[in-house]
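Sequences listed follow chains A and B, in order.
Under my numbering, think of the first position of the first sequence as 26, with each following residue one higher.
Under my numbering, think of the first position of the second sequence as 477, with each following residue one higher.
Here a beta-carbon is modelled for each residue, glycine too, at the ideal position from N, C-alpha and C.
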Amino acid sequence: MLALAYAPLSYRAHGVFDELLMGSGSRLSGGPQILPDMDRLGQEELGRRQGAAEMAIVNFGITFTVYSEGENIDRAWPFDVIPRCMAESEWRRLEAGLVQRTLALNAFINDLYNGQKIIKDGHFPGEVVLESRNWRPELMGMAPKFGVWAHICGSDLLRDRDGVMYVLEDNLRVPSGVSYMLENRMLTKRILPELFHHQRILPVDDYPSHLYDVLASLSPRTGDRARVVVLTPGVFNSAYFEHTYLAQQMGVELVESRDLVVDADDTVQMKTIHGLKRVDVIYRRIDDDFLDPEAFRPDSMLGVPGLVRAWRRGKVALANAPGTGVADDKVVYSYMPRIIRYYLDQDPIIPNVPTWRCHIPEERQHVLANLDKLVIKPANESGGYGMLMGPHASAAERERFAGLIQANPRNYIGQQTLTPSTVPTLVDGRVEPRHVDLRPFILSGERTWVTAGGLTRVALRRGSFVVNSSQGGGSKDTWVIADGDRGK
Amino acid sequence: MLSRVAENVYWTARYLERAEDSARLVVATHQAMLDIAPVSQVQPMNWEQLLTITGSRETFLAGARRADEAGIVDFLVRDEENPGSILRSLRLARENLRTTRELFPREAWEFLNRLFLETRAACGRDFPAAKRVEFLEGITQECLKIAGLLDATMVRDETFSMFRLGRYLERADMVTRILDVRGALMLTRQEVVDRPLRNALWLTVLKSLSGDQMYRRQVRPRIRGVEVLAFLLKDRSFPRAFRYGVSGVSRCLAAIGGADLAQGIIGRIEESLYLADITRLADNAGLHDFLDGLQLLLGQLHLTISRTYFDQEVVAGVSVGGVVSGRTSTATVSRCSRPPATTPLTGGTSA
């Protein structure tokens, strides 16, 4: 029998799966002593620690940028001091599932641009790809090193009421958040060192070295040390902090488009105080559309003219590869179980959320008949925009979405509504349950590597499921607790 | 090192030095005014001179500001419409560092970010004269802390040299400004300012540059105008002397390399220092013209450095011409500042 409350802090789970009370890292399964430890600190002291964390965040300038009304505002990163815990045994299974997914995704993208066997074999409907606005037919025949297109992937996991962890989506374009995962750990060590005494927590701070190794391994030149750069859209981008952070941690240059030129020989050069220097690998944090005005969006003034040409000629490596976004699509997502079986001949380790595709008539009928129960998502948006949360929506909103779906069925999917699990969170000095998700990051080069845990995002408003930082979400440190040490 | 990044580093350093020097200047003036006000009939020193030193008189007069002590101090410390105010300088130093912080030890950003935020918070509150010195000395100390951090932890690479370059150049500029207004003013009024008062004024000049103790150790315990002038212009070992700053710029250029044109201008500065007859300069009004000449050379030095490292026309499409500082009739050359920031870019996403 699971405890649904922790009496000393009057903490109760509200009829959903609570990670701390019921999860693999819970107190009862011999996990961390977090609640007793926090109880010992007392609410007042906890509040002080939260204050200290917030002060540290402001002083360190850990921010995300909100650009509105012509001004860019740095908002302090909203951080909750109470970590989210998981046992290593559970994590290893999820890790294997993520590796499996990423291998399949890369095999899928590589196949789409080289032969399209999966379509010819009838396991994937070709029109889904050909109608995607992220499909780049001009890149067919490209064969990036190791067959890898998505070198950096961030997959969102969510645990439902039944305790099962689902993959909600795979972010393959320019997933962000990893710097906050690293900063959250740094903050927890600083603010709540006591909590580290009772268990061994897998470290996360090796991410930048792994990222650097993957990037350097992509260099088209051999011999010399590869010159790797991070390409940022600039200081006005919401993830600019992360761009600087990763460049700093890897010890590489952070460049903007205007710092790069493609020369007559199609090599990419950066403008330095001593003239031009060749660049080998670009970790680009800019969408395909804005990468190169000569390539995908002739109307765009942004980007580096000729960059994609240089990439196609093998003079520079781009991570992620142009064209990867074709698989970052909710409809493609719905086929993931089949994609995994097709390329790897394995059953998916982490299940998909049950999903209905509106371009298939009978599934569309199901979606339209159940708008009050499902979540409706556009196929291509990120950041939680353009969604309908059926159970909470007004009749008028549901009506509007019915119209949108009928006008452009390919662009919508319906998903079963999950109730994300909760984690104790400090809200106005009280410990209360708040809903969370989890975004691990997966690196792919010659081998595939996953962060230990990931970024836990938390919906800070009571009852809300929205975890995006741009919409009132915060984050927590995520602990994967080494198995051997449990219950110590 | 990227040209764009080099330019940001250079301006971070200049604005940081500007904030530090301005804080010191206001403190020195504050203390001198307390000493001088009760004992003298003539008033050879006043708050308005700070507007001339900082080249901000026109901006000051353009707004409806009170030309008294409180009004001028407000303007110099926390008025963000004054491009040279301490708060503005810290904001600009921070904005420049924000885009280059991956090159510096992470504490550099933490310190500067905190310094700006705390200064802004303090500037938003009441601002009594009684707390002025403590507050401004705090700013000077924080700036020194950042410089000390870099000095103690950074590898001696191009970033470090570029930072030092900006600091030295700004410092040399500040020396000429302070000497120009305070020194020239005192010298032209020698007949009406008695000797003890004159010495007190020279002491203020030294203190504005943190040079009083070092002058006494290096030169002599007694304050003499000619010797103060020689010390602040020509001393080779005092880090806030003009020549030391210029040699510092030269060393940094040599470390970075490829700056023959800029070194040529430094040669001309060295030459005019060598040829300067300090005793004669101290005796008549030639000091102002002499210092004005040095300031123009510093302006040229800045432009040449910009063209060498920041605005190279090696590639088509990008070339930003330098803006020549206009010479004004009021004693000092207007301060150079960073060209306007780039326009916002969009196009990245954060999933």
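In this structure, does DSSP put residue i in helix, strand or coil?
i, result
"A/C383", "coil"
"A/F104", "strand"
"B/S532", "coil"
"A/A404", "coil"
"A/F466", "strand"
"B/Q617", "helix"
"A/M295", "strand"
"A/M414", "strand"
"A/D508", "helix"
"A/A346", "coil"
"B/G642", "helix"
"B/R542", "coil"
"A/G95", "With a pLDDT of only 47 at A/G95, under the threshold of 50, the placement of this residue in the model should not be trusted, and no figure is reported."
"B/V796", "Since pLDDT at B/V796 reaches only 31, below the 50 mark, its modelled position is unreliable, and the value read off the structure follows with that caveat. Three-state result, B/V796: coil."
"A/M326", "coil"
"A/I307", "strand"
"A/D312", "coil"
"B/W523", "coil"
"A/D43", "strand"
"B/R674", "helix"
"B/M630", "coil"
"A/P434", "helix"
"A/G50", "coil"
Hey, residue i and residue j: beta-carbon distance below 8 Å or not?
i, j, result
"B/R533", "B/S684", "no"
"A/V293", "A/V341", "yes"
"A/V333", "A/A320", "yes"
"A/L463", "A/D185", "no"
"B/V704", "B/Y691", "yes"
"A/A81", "A/R215", "yes"
"A/L271", "A/S204", "yes"
"A/I518", "A/V492", "Because chain A is modelled from 26 through 513, residue 518 of chain A falls outside the range shown and cannot be assessed."
"B/A495", "B/L566", "yes"
"B/E586", "A/G86", "yes"
"A/Q68", "A/G454", "yes"
"A/K501", "A/V452", "no"
"A/G50", "A/I506", "yes"
"B/A830", "B/F786", "Residue 830 of chain B lies beyond the stretch modelled for chain B, which goes from 477 to 827, so this question has no answer here."
"B/Q776", "B/I741", "yes"
"B/L573", "B/A584", "yes"
"A/D105", "A/Y358", "no"
"B/I615", "B/T629", "no"
"A/T473", "A/L182", "no"
"B/D497", "B/R647", "yes"
For residue i, which of the options has the nearest alpha-carbon?
i, options, result
"B/L478", "B/L626, B/E634 and B/D497", "B/E634"
"B/A597", "B/T575, B/L620, B/V553 and B/N558", "B/V553"
"A/P228", "A/A335, A/V492, A/V475 and A/Q496", "A/V475"
"A/E471", "A/N436, A/S242 and A/G276", "A/S242"
"A/R486", "A/N84, A/W504, A/E457 and A/L468", "A/E457"
"B/D765", "B/D656, B/F603 and B/M509", "B/D656"
"B/L729", "B/F707, B/R698 and B/H778", "B/H778"
"A/K402", "A/R423, A/E79 and A/N135", "A/R423"
"A/A168", "A/H391, A/Y138, A/N84 and A/V306", "A/Y138"
"B/L492", "B/R744, B/K621 and B/V549", "B/K621"
"B/T784", "A/H299, A/I365, A/V356 and A/D324", "A/H299"
"A/S234", "A/Q274, A/G140 and A/G428", "A/Q274"
"A/A32", "A/L220, A/P61 and A/E44", "A/P61"
"A/R337", "A/D290, A/L301 and A/R482", "A/D290"
"A/I307", "A/L301, A/D324, A/L327 and A/V277", "A/V277"
Using a Cβ-Cβ cut-off of 8 Å, state whether residue i counts as contacting chain E.
i, result
"B/T575", "In the displayed structure, chain E is absent; the protein chains listed are A and B."
contact_flag[the region 339–353 of chain A, the region 150–166 of chain A] where n(CB pairs < 8 Å) is 3 or more: yes
Inside the region 207–258 of chain A only - alpha helix (DSSP H) runs reaching at least 4 residues: 232–242
Contained alpha helix (DSSP H) runs [length at least 4] in the region 134–207 of chain A, N- to C-terminal order: 142–145 and 151–155
Given 8 Å, three or more beta-carbon pairs between the region 423–441 of chain A and the region 379–389 of chain A: yes
Inter-stretch contact (C-beta, 8 Å, three-pair minimum) for the region 350–370 of chain A and the region 244–257 of chain A: no
Contact the region 230–249 of chain A vs the region 112–124 of chain A: 3+ CB pairs below 8 Å: no
Contact the region 532–549 of chain B vs the region 705–724 of chain B: 3+ CB pairs below 8 Å: With fewer than three CB-CB distances shorter than 8 Å, the region 532–549 of chain B does not count as touching the region 705–724 of chain B.
The region 170–179 of chain A contacting the region 143–160 of chain A, beta-carbon criterion three pairs below 8 Å: no
Unbroken stretches of the alpha helix (DSSP H), 4 residues or longer, contained in the region 729–771 of chain B: 736–751 and 754–759
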